[in-house]
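Enquirer: In our numbering, the protein residues as written are 35 to 365.
Below is one structure. I have some questions about it.
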């Protein structure tokens, strides 16, 4: 089969299209899937540039997100049958083959049937960001109806689905974006208030929009500087959830005075630590999100579709920043 292989860390050019043997099932819970599309995420570019998680993880096939057709099932693979269209987040961290390939093995607990209303490319753009947004909003911050939620980088991969999930929960959604074009996009998917952060101080804007109270929940999808700046934008007894390491120089005094709850979301944990129950929870999240997609209540934005051989170009585009939605590779 064709696969994009990384032999060493480095620039996008370290990714090369190679011929590899097709993977063979080793457990009865596994599915063998013919990949129709693979999502590309920022974590892929970080692993490519700095190295994979496992010391003996090279050479590696990256790519956590996938959508395709089941071509073989184990005896303990549950409801799945040959020919089923599925979507999933699995592999791609080093050691376990990822989805930049024509075939992949997936544990059946992590996979769910693809929403019927969307194509494979759109489905492949969804799993990692949907699971991340769901865990951040509902498992960490416990978002409920009537709360005000601030989502940073609302036009990005995690941001654009987080806006929609928070709205489904009955929250008032504020979001930050960099351009007027992105402002129009996030309004179209449900954002109540949009803050153009290059032009406006987002802390002042949030406090103005909430009568000085701050947002009940703030989701940081950007990084340390935004995390630190977000603390005075959180309501007393509110939640600040981040997807990234906030760094060593955080001034915690104001967070303590606000009696804030700090949360971390890394949806890769079940794969990194081999946690079967958490992996199954990810499958449950995909099932619930799939229902929302098919009901027309959740939209997954595809920023672009590239051939598998152009994985390096996809990485360049992600590292350039400011994409609207997700990039997808097509084997």
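Glycine included, each C-beta is placed from N, C-alpha and C at the ideal position.
These numbers were taken from a predicted model, which means no experiment stands behind them.
If you pair each beta-carbon of the segment 286 to 298 with each one of the segment 216 to 236, do three or more pairs fall below 8 Å?
Expert: With the cut-off at 8 Å, the segment 286 to 298 and the segment 216 to 236 do not touch.
Enquirer: Which one of 120, 89 and 250 has the shortest CA to CA distance from residue 206?
Expert: Against the chain shown, residue 206 aligns to sequence position 172. With distances taken between Cα atoms, residue 206 lies closest to 250.
Enquirer: Would residue 98 be called buried (16 or more neighbouring beta carbons within 10 Å of its own) or exposed?
Expert: Position 64 of the chain shown holds residue 98. Residue 98 should be labelled buried.
Enquirer: Cβ of residue 220 within 8 Å of Cβ of residue 189?
Expert: Residue 220 sits at position 186 when you count from the first residue of the chain shown. Residue 189 sits at position 155 when you count from the first residue of the chain shown. Yes, the pair counts as a contact, with Cβ atoms nearer than the cut-off.
Enquirer: Between 121, 90, 41 and 51, which has its C-alpha nearest residue 66's C-alpha?
Expert: The count along the chain shown starts at 1 and reaches residue 66 at position 32. Measuring from the Cα of residue 66, the nearest candidate turns out to be 121.
Enquirer: When you compare only the Cα positions, how much space is there between residue 79 and residue 128?
Expert: To locate residue 79, count along the chain shown from 1; it is residue 45. To locate residue 128, count along the chain shown from 1; it is residue 94. About 13 Å.
Enquirer: Look at the Cβ atom of residue 346, then the Cβ atom of residue 49, and state whether they are nearer than 8 Å.
Expert: Numbered from 1 along the chain shown, position 312 holds the residue referred to as residue 346. Numbered from 1 along the chain shown, position 15 holds the residue referred to as residue 49. Their beta carbons are under 8 Å apart, which means residue 346 touches residue 49 by this criterion.
Enquirer: Quick check on the DSSP output: what are the complete beta strand (DSSP E) runs of length 3 or more inside the segment 122 to 165, in order along the chain?
Expert: For the segment 122 to 165, whole beta strand (DSSP E) runs of length 3 or above, ordered along the chain, are 137 to 141.
Enquirer: For residue 270, is the classification buried or exposed, using 16 other Cβ atoms within 10 angstroms of its Cβ as the cut-off for buried?
Expert: Within the chain shown, numbered from 1, the residue matching residue 270 stands at position 236. By the neighbour-count rule (16 or more Cβ atoms within 10 Å), residue 270 is not buried but exposed.
Enquirer: Between residue 133 and residue 72, how many whole angstroms is the CB-CB distance? I'm expecting something under 8 Å.
Expert: For the purposes of this step, residue 133 is taken as the residue at position 99 of the chain shown. For the purposes of this step, residue 72 is taken as the residue at position 38 of the chain shown. The Cβ separation is near 4 Å, so the contact holds.
Enquirer: Quick check: the Cα distance between residue 215 and residue 193, rounded to an integer number of angstroms?
Expert: Within the chain shown, the letter at position 181 stands for residue 215. Within the chain shown, the letter at position 159 stands for residue 193. Computed Cα separation, rounded: 15 Å.
Enquirer: In whole angstroms, give me the CA-to-CA distance for residue 353 and residue 230.
Expert: For the purposes of this step, residue 353 is taken as the residue at position 319 of the chain shown. For the purposes of this step, residue 230 is taken as the residue at position 196 of the chain shown. For residue 353 and residue 230, the distance between alpha carbons rounds to 21 Å.
Enquirer: Quick check: what's the CA-CA separation for residue 195 versus residue 89?
Expert: Within the chain shown, residue 195 is the residue found at index 161, counting from 1. Within the chain shown, residue 89 is the residue found at index 55, counting from 1. So the alpha carbons of these two residues sit roughly 33 Å apart.
Enquirer: Excluding the five sequence neighbours on either side, which residues of its own chain have a C-beta within less than 8 Å of the C-beta of residue 174, listed in chain order?
Expert: Against the chain shown, residue 174 aligns to sequence position 140. Once the five neighbours on either side are set aside, the close Cβ partners of residue 174 are 273, 275, 297, 298 and 299.
Enquirer: Can you tell which of 114, 124, 118 and 116 has the C-alpha that lies nearest to the C-alpha of residue 100?
Expert: Within the chain shown, the letter at position 66 stands for residue 100. The residue with the shortest Cα to Cα distance from residue 100 is 124.
Enquirer: Between residue 289 and residue 154, what straight-line distance do the alpha-carbon atoms span, to the nearest angstrom?
Expert: On the chain shown, residue 289 is found 255 positions in, with the first residue counted as 1. On the chain shown, residue 154 is found 120 positions in, with the first residue counted as 1. Taking the straight line joining both Cα atoms gives about 43 Å.
Enquirer: Distance, Cα to Cα, residue 113 vs residue 172?
Expert: What you label residue 113 is simply residue 79 of the chain shown in a count that begins at 1. What you label residue 172 is simply residue 138 of the chain shown in a count that begins at 1. In a straight line, the C-alpha of residue 113 is about 27 Å away from that of residue 172.
Enquirer: Taking the beta strand (DSSP E) that residue 64 belongs to, which residues open and close that run?
Expert: For the purposes of this step, residue 64 is taken as residue 30 along the chain shown, with counting starting at 1. Run containing residue 64: 64 to 74, per the beta strand (DSSP E) assignment.
Enquirer: Is it the case that the Cβ atoms of residue 367 and residue 203 are separated by a distance below 8 Å?
Expert: As shown, the chain starts at 35 and ends at 365. That puts residue 367 outside it, with no answer to give.
Enquirer: Please work out which residues of its chain come closer than 6 Å, Cβ to Cβ, to residue 365, disregarding the five sequence neighbours upstream and downstream, and give them in chain order.
Expert: The residue you call residue 365 lines up with position 331 of the chain shown. If we look at residue 365 and ignore the five residues flanking it on each side, its Cβ neighbours are 69, 136 and 342.
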